[in-house]
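Asks: For the sequence shown, my numbering gives the first residue as 10, with consecutive numbering after it.
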Amino acid sequence: MKEKLEAIKAAAKSAVSAAAGEKEIEELRVKYLGKKGELTAMLKQMGSLAPEERPAAGQLVNEAKQWLESLIAQKKEELKSKATELKLKAETIDITMPGKEVAAGGLHPINIVVNDMIDIFQSMGFDVVDGPEVETDYYNFECLNVPADHPARDMQDTFYLADGLLLRTQTSAAQIRTMENRRPPIHAICPGRVFRADEVDATHSPVFHQLEGLVVDKGITMCDLKGVLEQFAKEIYGSDTKVRFRPSFFPFTEPSVEVDVSCSECGGKGCRVCKGAGWIEILGAGMVHPNVLRCCGIDPDVYSGFAFGIGIDRITTTRYKISDIRLLFENDKRFLEQF
Ligand code: DAH
10 MKEKLEAIKA AAKSAVSAAA GEKEIEELRV KYLGKKGELT AMLKQMGSLA
60 PEERPAAGQL VNEAKQWLES LIAQKKEELK SKATELKLKA ETIDITMPGK
110 EVAAGGLHPI NIVVNDMIDI FQSMGFDVVD GPEVETDYYN FECLNVPADH
160 PARDMQDTFY LADGLLLRTQ TSAAQIRTME NRRPPIHAIC PGRVFRADEV
210 DATHSPVFHQ LEGLVVDKGI TMCDLKGVLE QFAKEIYGSD TKVRFRPSFF
260 PFTEPSVEVD VSCSECGGKG CRVCKGAGWI EILGAGMVHP NVLRCCGIDP
310 DVYSGFAFGI GIDRITTTRY KISDIRLLFE NDKRFLEQF
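1) Assess, as a yes-or-no matter, whether the segment 327 to 337 is touched by the segment 169 to 189 under the definition of 3 or more beta carbon pairs within less than 8 Å.
2) Going along the chain, which residues of its own chain have a beta-carbon closer than 8 Å to the beta-carbon of Lys13, five neighbours each way excluded?
3) Output the boundary residues of the beta strand (DSSP E) element that contains Asp269.
4) Any chance the CB of Val297 is under 8 Å from a heavy atom of the ligand DAH?
5) Would you kindly report the start and end of the unbroken alpha helix (DSSP H) that includes Cys232?
6) If you pair each beta-carbon of the segment 299 to 312 with each one of the segment 211 to 221, do three or more pairs fall below 8 Å?
7) For Val297, which beta-bridge partners are listed by DSSP?
8) With respect to the beta strand (DSSP E) encompassing Ala316, which residues constitute its N-terminal and C-terminal limits?
9) Assign Arg255 to one of three DSSP states: helix, strand, or coil.
10) In the DSSP output, which residue or residues are listed as bridge partners for Ile198?
11) Would you kindly work out how many angstroms separate the C-alpha atoms of Val203 and Val138, rounded to a whole number?
12) Please report how far the alpha carbon of Arg276 lies from the alpha carbon of Thr250, in whole angstroms.
13) Does Phe217 come out as helix, strand or coil in the three-state DSSP assignment?
14) Looking only at DSSP bridge pairs, what is Thr145 linked to?
15) By the 10 Å Cβ neighbour count, where 16 or more other Cβ atoms means buried, how is His258 classified, buried or exposed?
16) Give the DSSP-derived three-state secondary structure of Tyr329 in the structure shown.
17) DSSP on Ile307, reduced to helix/strand/coil?
18) Which same chain residues end up closer than 7 Å to Ala66 when comparing Cβ atoms and leaving out the 5 residues on each side of it in sequence?
19) What are the partner residues of Tyr169, as DSSP defines its beta bridges?
20) Going by DSSP, what residue range makes up the alpha helix (DSSP H) through Pro64?
21) Could you say if the segment 314 to 326 and the segment 231 to 239 meet the contact criterion of at least three C-beta pairs nearer than 8 Å?
Pasting the structure below:
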């Protein structure tokens with residue numbers, strides 16, 4: 010019996026040491042120590058021995074079992090750590106590789122300029138109001154003293170939608186909504202997107218931006234208009250900026266003006282930014298037409314007001330010396346990263 014036990018031990022030892030995986034080792038455990046295992050079978054054979062031989066033989070088999078159990082446990086441990094080692098080697102991270110770049114967002118130059126403009130007008134007491142981009146003919150034209158047959162409509166052809174709706178051509182539409190919703194004194198600005206059926210080129214886009222301003226109160230005059238717009242021009246372009254008011258025409262103001270600022274790049278001598286003119290046109294303005302006030306239920310014999318519409322894209326391109334307005338709408342990261 011002793012020889013048989015030694016033979017089993019020797020076979021088990023070499024089998025365990027040769028085992029290459031956890032599955033194999035488990036199979037060996039079952040083969041020797043399982044219910045029908047070889048060592049278990051030897052214990053069962055005790056009955057066939059003489060009673061006085063049994064204790065010593067039983068002890069031998071039990072010792073053999075314990076020995077094999079710990080041998081198997083040890084081998085299992087060994088295999089496990091080997092597997093971990095292999096896995097770690099396979100998953101090695103090269104910490105010297107450059108990381109993935111996380112692109113940080115920033116404000117679009119138009120938004121930077123709008124925010125600055127809002128700051129300037131808020132410091133003068135203006136509120137910011139909003140108006141819809143999809144407008145009715147009434148707010149965009151009719152109540153602004155531009156009836157259906159008015160030739161001024163030609164210059165503001167737009168995108169027409171169903172049910173008499175259109176994409177607003179000017180933020181001036183927000184003036185009417187503001188005067189309908191508020192009673193004087195009114196001091197409001199409305200920055201926003203506007204749309205026209207214009208061909209795209211370096212200075213035109215079918216989508217662009219305006220900032221509308223409106224003041225209505227008792228005793229408002231052209232002096233107030235001049236003062237506010239001069240102050241604005243100096244704050245946005247610098248304190249030595251000169252401002253020029255030229256007579257103009259808008260159906261919703263009387264009198265009307267167009268306002269130019271001296272070119273901040275060349276100081277008025279003429280350069281690439283101002284296209285040699287020395288001046289840059291930035292806005293249209295005027296005293297609110299009595300018909301417009303009347304249309305909004307405000308008595309023009311009691312109240313007067315001024316209004317203006319500033320071209321935000323023009324302010325942006327001149328401030329940052331952007332030669333082509335299309336750059337503002339293309340969303341090219343290489344361009345946008347510069348602001
Ligand atoms: N809405 C005009 C345009 O798009 C600009 C303008 C002129 C706005 C005079 C005004 C204004 O409020 O009073 O050309």
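All residues carry an ideal CB built from backbone N, CA and C; glycine is no exception.
These numbers were taken from a predicted model, which means no experiment stands behind them.
Replies: Inspection of the coordinates gives the following:
1) no
2) Met51
3) Segment Thr262 to Ser271, the beta strand (DSSP E) holding Asp269.
4) yes
5) From DSSP, the alpha helix (DSSP H) with Cys232 extends over Met231 to Tyr246.
6) no
7) Thr262
8) Ser313 to Gly320
9) strand
10) Val137 and Gly222
11) 15 Å
12) In the sequence on display, residue 276 carries Gly and not Arg. Cα to Cα, Gly276 sits roughly 8 Å from Thr250.
13) Phe217: strand per DSSP, three-state reduction.
14) DSSP output for Thr145 lists Leu174 as bridge partner(s).
15) Note on residue identity: the sequence assigns Phe, not His, to residue 258. Its Cβ having fewer than 16 others within 10 Å, Phe258 is exposed.
16) coil
17) If DSSP states are grouped into helix, strand and coil, Ile307 belongs with coil.
18) Met10, Met55 and Leu58
19) Answer is Leu175, bridged to Tyr169.
20) Arg63 to Ala99
21) yes
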